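S.K.: Numbering (the working numbering), first residue to last: 6 to 62.
C-beta atoms are modelled at their ideal positions from N, C-alpha and C, and glycine is treated no differently.
Remember, it's a predicted structure, so these values are computed and weren't measured experimentally.
I have a structure I would like to understand better, so I am pasting it below and will then ask my questions one at a time.
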Amino acid sequence: MCPFCKDKPCKILERPDGHLACECGRHSWPNAAVYAESLRLADLTVVKNVHNWTQSF
6 MCPFCKDKPC
16 KILERPDGHL
26 ACECGRHSWP
36 NAAVYAESLR
46 LADLTVVKNV
56 HNWTQSF
């Protein structure tokens, strides 16, 4: 499932050229490693919170 499509769940498909893309076509990644890294970064991102490793209190 595409982690960035919020309106409806999209499956991730592999195109013949090796790129990964969601069904709706809004998001694509050049390879599986970049997709995995974007999932990792999205998982680390917490909105409207103070991150003590980047900001002071």
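Could you say which of C29, D22, R31 lies nearest to K37 if we only look at CA atoms?
M.R.: On the sequence shown, position 32 is the one that residue 37 refers to. The sequence shown places Ala at residue 37, not Lys. It is D22.
S.K.: Taking L18 as the reference, which of L44, F9, A26 has the closest Cα?
M.R.: Taking the sequence shown and counting its residues from 1, the one referred to as residue 18 is at position 13. Per the Cα distances, A26.
S.K.: Would you kindly work out how many angstroms separate the C-alpha atoms of P14 and S43, rounded to a whole number?
M.R.: The residue labelled residue 14 in the question sits at position 9 within the sequence shown. The residue labelled residue 43 in the question sits at position 38 within the sequence shown. If you take the alpha carbons of P14 and S43, they lie about 17 Å apart.
S.K.: Give the DSSP-derived three-state secondary structure of E19 in the structure shown.
M.R.: For the purposes of this step, residue 19 is taken as the residue at position 14 of the sequence shown. Strand.
S.K.: Under a Cβ-count criterion, where at least 16 other Cβ atoms within 10 Å of its own Cβ denotes burial, should C29 be classed as buried or exposed?
M.R.: In the sequence shown, residue 29 corresponds to position 24, counting from 1. The residue in question, C29, is exposed, as its Cβ has fewer than 16 Cβ neighbours within 10 Å.
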